[in-house]
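Following: one structure in structure tokens, then a few remarks.
Protein chains in written order, with the working numbering: chain A, 21 to 403; chain B, 21 to 403; chain C, 135 to 510; chain D, 135 to 510.
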């Protein structure tokens, strides 16, 4: 079947269901996945992150055991990083993994976990050493989600959807051989997962809103995912749906209003410029040129576009903008946009964190004096 | 003459040319001074700050020597606090005062000094101890500006005016009896000067742009000051001159343009709300009620108003907005506004510092970990 | 203008604030927003008997407390602060003001006492979908047939329109336009031909209804055809009340953002110590205080029957709307992920801000109205 | 669209950048902005002979280098980055493009070689005070008398209008309106009846002139009356060039802000380590990159003669204008008091940003134009 031909993920190594394609094709995964638009990242995306991480840090046994299940879609994965007490400060997590004879005992809580309710495996980051600086005491595991010690509770958002879960671990068990990388070496493994997550997300943004998939495998998967992904149906609305602004303006006739026209124009300028900026980054990447700043700005730009779109939608809908469901414009889609946009500047790293990253890594500006950098974790103030 | 009647500054103590008026009238000074609008603060304002400071911290000899000269307008004063290396971080100043037998030797540089070119006296803050935290090693002096060791150089701004000076001290001399307050106790004395400066500035903002003075003394002084204050003629333009927006809109006829009308409306809303907020603060003060947050927002509000005004003026002037001097709208006044507004969010404390102060003092938010708070000054990194 | 509240007004504020704090914890708000009527009859009854809020602005001769717009706005601000679910806005503010402004003495005697006693709740039905609540938006015509006034048409955005005992509504003389021919009417809630439907809105804490009048017999309120000025003034007064409600909500949001930023620790520090958060809060404080000043000044103008009322009503509504939404958006941002969840209360305020933003018209419209009132 | 520069284009950029860095330190800019002509003849001569920038976009048959709009925009960006004082914009970009767009082959042969060789400098006089540089703004009429075309009227905002050897200008057929009846002409700088006056502007680094034509004899450029399309296209191309110049200046400002924030110490820390400053810079980077993307795409459209050019020209000009001004304002703010002084270079860029903001029309006008081109 496809997985075994290597065409499923051509850039993977030959040894592992791949074709050793040059890394310049790495974006393929992202682009392909992005074909599912917002749907993709929710499920197949996370699975691909697991694959990318295992390919880089997993041992042969782990690759043998998991990669094929990922490629065929047999297994569903979730990412267990964020915690109530550590959002922006991911490395400040406090879920603990304690070594036993031949396994690890997991206790703690994770949050913002997509697909946890139907995942068989989780990529788990937990603290194994509390006496070293926070980044140096974390370990990366593959945890079996189907066990007594793991409880998954859906988390409802302000827009009514429940796309995320809280995951509670009480004496949950991870066999010793499910440790990925080295003990206390989990941070670097997590960085691989996160880097791929960013790439997927950037890829998706570059494609704009939901797009059709192509090719048999995507058709199947898309169909199968339609139900599974119901909780994520609002993701495109989170981005403000700029694609609907002009048509709505025409629909309501207010696109003749000079003031509203300015709002529409400002949105379109921002949206186009963001897409072009993403294209510049992709072209530079294709040409093998060093990444310029334009490559790091996608997420921040998306927040601006979403806010401008929500603003324009509100002006265009006028009094109707407070109506929801079947009473509202586009059967409540506009209301869903207005109630979903606030998430764009938070999910996957707040705008504040993005500003820090861009200023420090891209512009090379000085870091803030860190209160927590070199202290043993147990001495750092926390929630 | 008037000074001796006590009516010059009724809230001063009877002993010192005053009438012991209740502090609820303290605003009188500010209001009166503000009657000169931008003119006032430049000269008579600074002089009044010296008076207020000496009244609180000076010894009788100093009061006897200086107060009358201030009240009669015989002497001109300047404030020597800011330095090139310490702007926002005033307490980080490095001008040194070294104790000799019966005097102090001053070496260093000050900047942003108004009126220094025609002042006879200066309120000088200098460092007398380098081995204690920065606030605790400063001493406050009255320095005679007319001496060999003091060199004053005008400092030209981007709008072409030279309202400020750089002041260089090379072995300048301050007699021992000119020390105000205690050795190394200069910071608390300076706080008095700064508090009064804020009050004057708030008073002026509350009054909006330039106003006519009333009463003989102000008439004289205003006339006399007209020439002296030429360098400060742009101060009202710094505030954006919202008072000119509507008339200019009518003049050019673009006040029929719906988009420009929105810009005008946004400005007027902001301006009115700022004035009303200042009025709320003054009324509360008059009623002897504890100051609410509204009292601390005037400076920040002024920045918003000025920016909105510059924006509106630009839209209204259209292509003409790039013309200056006699070629420009209102004989270049519009151009002067556009080139002066950037100063409003810097002079007298940047907006960034204002945000810090409001967040920490008014909202009681946690301070940043300080790199320099408790270290001996000489160990603190500086420019 | 006084630019300050009297000691009595400040005490009154404290009383209302205390009542709201005691009677309207967010658990109550959440319980009530899931109900049909959207308020608790017992709590409302207690509020009527203890403070008499329902008739605070109704003259004593009609059983009210005879206070002015300032006291009413103080109440609105406090209710807005606590997102208090009550009929005050729909019945007392909207409908009550309409009866006061449009009704002749006999109309007021006919309708106000029941409102004052708390026995009846009214609703105001004016807009037909345009969202501006002005005379131009009134298309429904009245018809005089065999001694009765009859209404046929649709009204929407009717606050508490489903739960009200009677509906105050507006129609126009056949073939009239603009402010001419505007007539106020009262329709009993159970009148034959009146159908009412709860609207699905983004803000569950304020129930809006769509009413259909199918040849409904209505009692005139004031001189039919002469209601244009009353309509204008009614909505101006309601704008001012809404503006004050909004600044109350904005202040509460800011308080919650500052509090959370003070306890939430990331990177070993309270996030409130980061300038990114700290400066946001300082900026919000400025905006909230500016909006408050405008809301208070507008309330004084309403109280004093100032000619500036229309302009100040528009100004205060627009400024409060921008401020409330901005504060709500930033408060979600400062809370991070948790601020986007259903458990967190921020979204309740965000939704109130969002629905208030469009009520009586959006900011662009109000700015334009302000300029026109100032002959600009 | 390619969304990337070729290796050759990147090398070309480096060459121009190096030249600008070597020849145009801010001390030079300050010296030249105080002069009448506003540029250094020798440096310009060197630029012509070494890089041939003055004719980069002129076809080889007219002595030019035959490159396209992309190379011209690269040059503009680099000149903008260094605030390089030269006749490139006024003569080569504005006038040169006009001659290329409006002129017949014989006109091009008549005027372009001298431009290409660097022997002559031209200026473009179109606007008469409206500031939009469009056909509607052309009021000056031409008259045909005893075999000569004669011009009577006033033109303003003429870049380098005082120093140019010849003026390319636009007038309309008597009684024509809009794009109809537009005609291009060339007038010698010393033509009888032509008076030129240097305008007092906020940006000393770009000299603008007001020209008065008092019955001046002019040579037609192209078919008199048929110049409407050429005028439109000429200004669109110039908008794109200006947009690219602006993003160059914005980038330089951002660089200087980041650099200063890295060395300026307050409270014992580099101010760049404070989020208030750091986040400002990150935000500016985003804006600058967005504006660059638009400027580059517009340059590609100009180069490819894309039908999207008018819309993209408007978009890129508006976005670059907002970005440049925002970056200049924030760079002053980040520098604090020193940023408001004359010695500091920031104000030179601020003034260029401010004058560019209004050239060819302000952003509101360009946004509207963009929408109309997109049939929105």
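Positions of the beta carbon are idealized from the N, C-alpha and C atoms, including for glycine.
*asked:* Could you check whether the Cβ of residue 290 of chain A sits closer than 8 Å to any Cβ belonging to chain C?
replied: Sequence index remark: in the first chain, residue 290 of chain A carries index 270 (1-based). For residue 290 of chain A, the answer is no, since every Cβ of chain C falls outside 8 Å of its Cβ.
_residue 337 of chain A burial status per 10 Å Cβ neighbour count (16 or more: buried)_ = One-based indexing of the first chain puts residue 337 of chain A at position 317. Buried is the call here.
*Let me know if residue 192 of chain D comes out buried or exposed under the rule of 16 or more other beta-carbons within 10 Å of its beta-carbon.*
For the purposes of this step, residue 192 of chain D is identified with residue 58 of the fourth chain, where counting begins at 1. Answer is buried; the Cβ neighbour count reaches 16.
_Proximal chain A residues relative to residue 410 of chain D, where beta-carbon distance stays under 9 Å_ = As a working mapping, residue 410 of chain D is identified with position 276 in the fourth chain. Simply none; closest approach about 11 Å.
*Those residues which DSSP pairs with residue 322 of chain C across a bridge*: Translated into the one-based positions of the third chain, residue 322 of chain C becomes position 188. The partner list for residue 322 of chain C (beta bridge, DSSP) reads C:300.
_Give me the residue from D:401, D:395, D:176, D:354 with the minimum Cα distance to residue 393 of chain B._
Numbered from 1 along the second chain, position 373 holds the residue referred to as residue 393 of chain B. Among D:401, D:395, D:176, D:354, the Cα nearest to that of residue 393 of chain B belongs to D:401.
*According to DSSP, which residues form a beta bridge with residue 174 of chain B?*
Locating residue 174 of chain B in the second chain gives position 154, where the first residue counts as 1. In DSSP, residue 174 of chain B forms a bridge with B:185.
*Buried versus exposed call for residue 178 of chain A [16 or more other C-beta atoms within 10 Å across all chains shown]*: Against the first chain, residue 178 of chain A aligns to sequence position 158. It counts as buried.
*Any C-beta of chain C under 8 Å from that of residue 378 of chain B*: In the second chain, residue 378 of chain B corresponds to position 358, counting from 1. Residue 378 of chain B counts as touching chain C.
*Can you list the residues of chain B that residue 403 of chain D reaches, using a CB-CB cut of under 7 Å?*
Walking along the fourth chain from the start, residue 403 of chain D turns up at place 269. What residue 403 of chain D touches in chain B: 391.
*Relative to the C-alpha of residue 261 of chain B, which residue among B:364, B:312, B:151 is closest?*
Here residue 261 of chain B refers to the residue found at position 241 when the second chain is read from its first residue. Of the candidates B:364, B:312, B:151, the one whose C-alpha sits nearest the C-alpha of residue 261 of chain B is B:364.
*Which class does residue 345 of chain A belong to by DSSP, given the choice of helix, strand or coil?*
Within the first chain, residue 345 of chain A is the residue found at index 325, counting from 1. Three-state DSSP puts residue 345 of chain A in a helix.
*asked:* What ranges does the alpha helix (DSSP H) occupy inside the segment 251-295 of chain B, keeping only unbroken runs of at least 4 residues that lie completely in it?
replied: 255-258, 265-272
*Span of the alpha helix (DSSP H) holding residue 151 of chain C?*
The count along the third chain starts at 1 and reaches residue 151 of chain C at position 17. Residue 151 of chain C -> alpha helix (DSSP H) spans 141-157.
*So, helix, strand or coil for residue 404 of chain A, using DSSP?*
This structure does not reach residue 404 of chain A, given that chain A is present from 21 up to 403, and the question cannot be answered.
*Quick one: Cα of residue 418 of chain D to Cα of residue 381 of chain C, how far?*
Numbered from its first residue, the fourth chain carries residue 418 of chain D at position 284. Numbered from its first residue, the third chain carries residue 381 of chain C at position 247. Cα to Cα, the separation comes out at about 32 Å.
*Three or more beta-carbon pairs under 8 Å between the segment 266-282 of chain D and the segment 311-320 of chain D, yes or no?*
yes
_Contact list for residue 19 of chain B against chain D, beta-carbon separation under 7 Å_ = Outside the modelled stretch of chain B, which goes from 21 to 403, sits residue 19 of chain B, for which no answer is possible.
*What residue from C:463, C:182, C:280, C:477 has the CA that sits closest to residue 360 of chain A's CA?*
By 1-based counting over the first chain, the position of residue 360 of chain A is 340. Looking at the Cα atoms, C:463 is the closest of the given residues.
*DSSP three-state call for residue 91 of chain A: helix, strand or coil?*
Counting from 1 along the first chain, the entry for residue 91 of chain A is found at position 71. Residue 91 of chain A falls in the helix class under three-state DSSP.
_Quick check: the Cα distance between residue 134 of chain B and residue 362 of chain B, rounded to an integer number of angstroms?_
Position 114 of the second chain holds residue 134 of chain B. Position 342 of the second chain holds residue 362 of chain B. If I take the Cα positions, the gap works out to 18 Å.
_Please confirm whether residue 274 of chain A has its beta-carbon closer than 8 Å to some beta-carbon of chain B._
As a first step, residue 274 of chain A is located in the first chain; it is residue number 254 there, counting from the start. No, residue 274 of chain A lies away from the interface with chain B (no Cβ there is under 8 Å from its Cβ).
*asked:* Tell me which residues share the same chain as residue 163 of chain A and place their Cβ nearer than 6 Å to its Cβ, disregarding the 5 neighbours each side in the sequence.
replied: The residue given as residue 163 of chain A occupies position 143 in the first chain. Contacts found: 142, 144, 194.
*In the structure shown, what three-state DSSP assignment does residue 163 of chain A receive?*
One-based indexing of the first chain puts residue 163 of chain A at position 143. In this structure, residue 163 of chain A counts as strand in the three-state DSSP scheme.
_Minimum Cβ-Cβ distance from residue 494 of chain C to chain B less than 8 Å_ = The residue given as residue 494 of chain C occupies position 360 in the third chain. No, because no Cβ of chain B sits closer than 8 Å to the Cβ of residue 494 of chain C.
*Return the residue from the list C:337, C:359, C:197, C:228 that minimises the CA-CA distance to residue 206 of chain C.*
Taking the third chain and counting its residues from 1, the one referred to as residue 206 of chain C is at position 72. With distances taken between Cα atoms, residue 206 of chain C lies closest to C:228.
*Helix, strand or coil for residue 378 of chain C per DSSP?*
Taking the first residue of the third chain as position 1, residue 378 of chain C is located at position 244. Residue state, collapsed to three classes: helix.
*Is the segment 444-456 of chain D touching the segment 283-294 of chain A, taking contact as three or more C-beta pairs under 8 Å?*
yes
*Using a Cβ-Cβ cut-off of 8 Å, state whether residue 343 of chain A counts as contacting chain D.*
The residue you call residue 343 of chain A lines up with position 323 of the first chain. Chain D, which has no Cβ nearer than 8 Å to the Cβ of residue 343 of chain A, makes this no.
*With residue 210 of chain C as the anchor, note down where its beta strand (DSSP E) starts and where it stops.*
Here the question's residue 210 of chain C lines up with position 76 in the third chain. Run containing residue 210 of chain C: none in the beta strand (DSSP E); it sits in the alpha helix (DSSP H), 203-215.
*The beta strand (DSSP E) with residue 130 of chain A in it runs from where to where?*
Sequence index remark: in the first chain, residue 130 of chain A carries index 110 (1-based). Per DSSP, residue 130 of chain A belongs to the beta strand (DSSP E) from 123-134.
*Closest to residue 368 of chain B by CA distance: which of B:107, B:347, B:91 is it?*
As a first step, residue 368 of chain B must be located in the second chain, where it is residue number 348. It is B:107.
*asked:* By alpha-carbon positions, which one of D:373, D:338, D:369, D:303 ends up nearest to residue 358 of chain D?
replied: As a working mapping, residue 358 of chain D is identified with position 224 in the fourth chain. Among D:373, D:338, D:369, D:303, the Cα nearest to that of residue 358 of chain D belongs to D:303.
*Is the CB-CB distance between residue 230 of chain C and residue 259 of chain C below 8 Å?*
Within the third chain, numbered from 1, the residue matching residue 230 of chain C stands at position 96. Within the third chain, numbered from 1, the residue matching residue 259 of chain C stands at position 125. No, the pair does not count as a contact, with Cβ atoms beyond the cut-off.
*Exposure label - residue 357 of chain A; buried when at least 16 CB within 10 Å*: For the purposes of this step, residue 357 of chain A is taken as the residue at position 337 of the first chain. Burial call: buried.
*Determine, using beta carbons only, whether residue 349 of chain B and residue 257 of chain B come nearer to each other than 8 Å.*
Translated into the one-based positions of the second chain, residue 349 of chain B becomes position 329. Translated into the one-based positions of the second chain, residue 257 of chain B becomes position 237. Cβ atoms of residue 349 of chain B and residue 257 of chain B: not closer than 8 Å.
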